[in-house]
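Under our numbering, read the sequence shown as residues 0 to 116, first letter to last.
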Amino acid sequence: LGRDMYDTLAAMCSVWPAGVRDQNMHTPLQSNIPTLLLSGEFDPITPPAWAQQAANGLTNAIHIVAPGQGHGVIARGCLPRLIMDFIDTADPTALDESCTAHMGPYPFFVDLMGPPP
């Protein structure tokens, strides 16, 4: 990637607000605000265990793990519909996540023609 990623991060950091870190920064979050947590089963960047750890202090939350997926599941399979349903209802218990059972890993591409049949 050359310097592109570094230059982009340096530009972002140059305008990022700075200040004193809150003493309670590492205190586990506690909230009853309706919360939807999304994870990919094989996400190496923000693994499902991290969302589950956050969910432990959220009394009105649902954690959906997309099977066979990695990082960035927000637009995969039925998750956009589930997100819209959550925004409409703000009720984690009303979500039917059974549609995620049909998700799975993307096929492996061995050349530019796409995955084998």
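Think of the CB as a built atom: it goes at the ideal place given N, C-alpha and C, for glycine as much as any other residue.
Does DSSP put isoleucine 86 in a helix, in a strand, or in coil?
As a first step, residue 86 is located in the sequence shown; it is residue number 87 there, counting from the start. Isoleucine 86: helix per DSSP, three-state reduction.
Kindly identify the DSSP beta-bridge partner or partners of alanine 10.
Residue mapping note: residue 10 aligns to position 11 of the sequence shown, counting from 1. In the DSSP output, where bridge partners are listed per residue, alanine 10 has none listed.
Residue-chain proximity (threonine 45, chain B), Cβ-Cβ < 8 Å
No chain B is part of this structure, which consists of one protein chain only.
Once you ignore the five residues that flank isoleucine 63 on each side, which residues in its own chain have a CB closer than 8 Å to its CB?
Within the sequence shown, residue 63 is the residue found at index 64, counting from 1. Around isoleucine 63: Leu35, Leu36, Leu37, Ser38, Leu78, Leu81, Leu94, Glu96, Thr99.
For asparagine 55 versus proline 27, is the C-beta distance shorter than 8 Å?
Residue 55 sits at position 56 when you count from the first residue of the sequence shown. Residue 27 sits at position 28 when you count from the first residue of the sequence shown. A contact, by the Cβ cut-off of 8 Å.
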